[in-house]
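Residues 1 to 434 in the UniProt record's numbering are what the sequence shown spells out, letter by letter.
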Amino acid sequence: MERVAPNGQFKDVGVDQLFFSTTDAQGRIQETNNTFVELSRYTEEELRNAAHNIIRHPFMPGGVFKIMWDKLQRGETFAGYVRNLARTGETYDVFATVTPIPGTHDYLSVRQRPCHDDHRALAMTIYAEVGDYEAQLRKDGMSAREAAEAGARLISDKLRGSGFDNFDSYAHAMLPWEVFCRENMSTGLPQRVVAGELGAELTQAHDVHDHLDEWMLRLDELLTTAQQLGEAREELVDSLGQTSSLGDTVDARGASETLQVVQFQLNVWKGMQKIVDSYVVELAELITTLANDTLRERFQISVSRLHTAMLATFLAELIDGTSATANTEHKVALLKATMRDSLEAIDRGSFHRAQLVRSTISCIRTVTSLMESPRSLLTEAIREAQSLNNDELSAAIASELERSERAANNMHQLVATLERTATAPDIATMLAEL
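Right, here's the structure in full:
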């Protein structure tokens, strides 16, 4: 089929225009829905068995697709911004997810309107720079494959320069934002009052989406809690260090009669700190892992929410009679199979995260328990010393003790939030609804 050139016209994808396609391992289109047909301006027959790059826009660098295929071959989901080209030469941007279909060598791609302008602008700026870079490499004699590999590396470098560790951390941030923004702009999942199998399946999709929405809110709370825990831990570490330094100052000066008890308790404190330090280091690792795992789980839930919305949209198309009727049962089965697979991935991840939450709670309780007695004794000694001679050094020690107590209390109070999120979502119920 003859390649199409862009005509300079842009078309916005509608907020509720979700669309999908499936491709085989060679990237040939197998199935589509009617919205894809409308946007691409090709017929369903023309799209079937055509290479998916039939809609590739020349603006898109090969590095993006190199990243995508690498992830798919590892059994992972790709998510990112893509610029497409319709048969008529119109340009339309999408936010795309591509996921392996379980039990096959095929892939499901679900696309939506890009709703976060700043994030899309960043992607398009990077793509433009990488596209120019790849073009120069090809001009210099490099193969298209080699240029795409170099382009993929440059994309990663550009993302690191924008504050992301790698493409995965970028995707984990972008997809939840895009799904959230689209849902906020949307009228919601389609509602149809209809009997029969399609109506029942649409109701089930609504139920699953509601469960996922509830769990996403809980994970948002958990992510905020992990950030607050990290801040409290850093405050505690700094205060522990400052208190020990003040103890060294007391030792160096030689304790006056007033500070002798304080000096003794400071030495007890420093002995306690050596024990606490190992737990504080462990806590830092737990908090970092918890935050990263929560980001991954939010990403997976966003994939599931998008797939659920896609299934509901397609079912509504079938109920309304606005979608092509070819292979409809097979298409519904593929969408549901991919949904089930993503829900099972959430189940596996949430089980691990629940264990991690319990370990974090245990570590927090150990730290606060170890500190309680030495801090109480040192605080009492400082109060007695200040009643006799409220010098600057005593006041500084008292201030640091108050700071460490606040930090420990903050961590302890956050345990209640952690406990609420330790329970895994009821994936079994969601799977039963499919």
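A virtual CB, placed ideally from N, CA and C, is assigned to each residue, including glycine.
Minimum Cα-Cα distance from V98 among the listed residues L335, T249, T322 corresponds to L335. C-alpha of G103 to C-alpha of K158: approximately 36 Å in a straight line. Across the set D248, F10, T225, A316, the C-alpha of T225 shows the shortest separation from the C-alpha of L414. In this structure, the CA atom of F10 is about 39 Å from the CA atom of M430. Non-local beta-carbon contacts of L240 in its own chain, meaning distances under 8 Å to residues more than five positions away in sequence, involve Q273, V276, D277, V280, S404 in chain order. By the criterion of a C-beta distance shorter than 8 Å, A128 is surrounded in its chain by F59, once the five residues flanking it on both sides are discounted. DSSP, reduced to helix, strand and coil, places Q228 within a helical segment of the structure shown. Nearest to E285 by alpha-carbon distance, out of D320, E234, F264, is E234. The DSSP-derived three-state label of S21 is strand. C-alpha of S376 to C-alpha of E384: approximately 12 Å in a straight line. Residue burial annotation: D168 is buried, with at least 16 other C-beta atoms found within 10 angstroms of its C-beta. The beta carbons of A148 and F65 sit closer together than 8 Å. DSSP places F59 outside both helix and strand once states are collapsed to three, so it counts as coil. Here S302 is buried. Its C-beta has 16 or more other C-beta atoms within 10 Å. Nearest in C-alpha terms to L175, of all of R298, S399, G199, is R298.
Residue state for D220 is assigned as helix, using DSSP reduced to three classes. Contact between I101 and A337 holds: CB atoms are separated by about 6 Å, below the 8 Å threshold. Contact between the segment 30-37 and the segment 320-332 is present, with at least three C-beta pairs closer than 8 Å.
L318 and A152 have their C-alpha atoms spaced approximately 39 Å apart.
Cβ-Cβ distances below 8 Å link Q228 to N410, L414 in the same chain, with the five nearest sequence neighbours on each side left out; the list follows chain order. Where F10 is concerned, there is no enclosing alpha helix (DSSP H), because DSSP gives it neither an H nor an E. A buried status is given to F314, since no fewer than 16 other beta-carbon atoms sit within 10 Å of its beta-carbon. C-alpha of R48 to C-alpha of E282: approximately 54 Å in a straight line. Rounded to whole angstroms, the gap between the alpha carbons of Q300 and E419 is 22 Å.
When T308, A144, M371 are compared, the shortest CA-CA separation from L189 is found for T308. Of the candidates N7, Q386, D293, Q386 places its Cα closest to the Cα of V261. DSSP, read as helix, strand or coil, puts S394 in helix.
Distance from the CA of S342 to the CA of D248, rounded to the nearest whole angstrom, comes to 56 Å. The segment 132-143 makes no contact with the segment 115-123: fewer than 3 CB pairs, one atom from each, lie closer than 8 Å. Judged by their CB atoms, P114 and H57 are not nearer to each other than the 8 Å cut-off.
Counting only the Cα atoms, G8 lies some 46 Å from I427. With respect to I382, S394 sits close: the two C-beta atoms are nearer than 8 Å. Rounded to the nearest whole angstrom, the C-alpha separation of S399 and A407 is 13 Å. Closest option to Q112, judged by alpha-carbon separation, among G14, T423, W215: G14.
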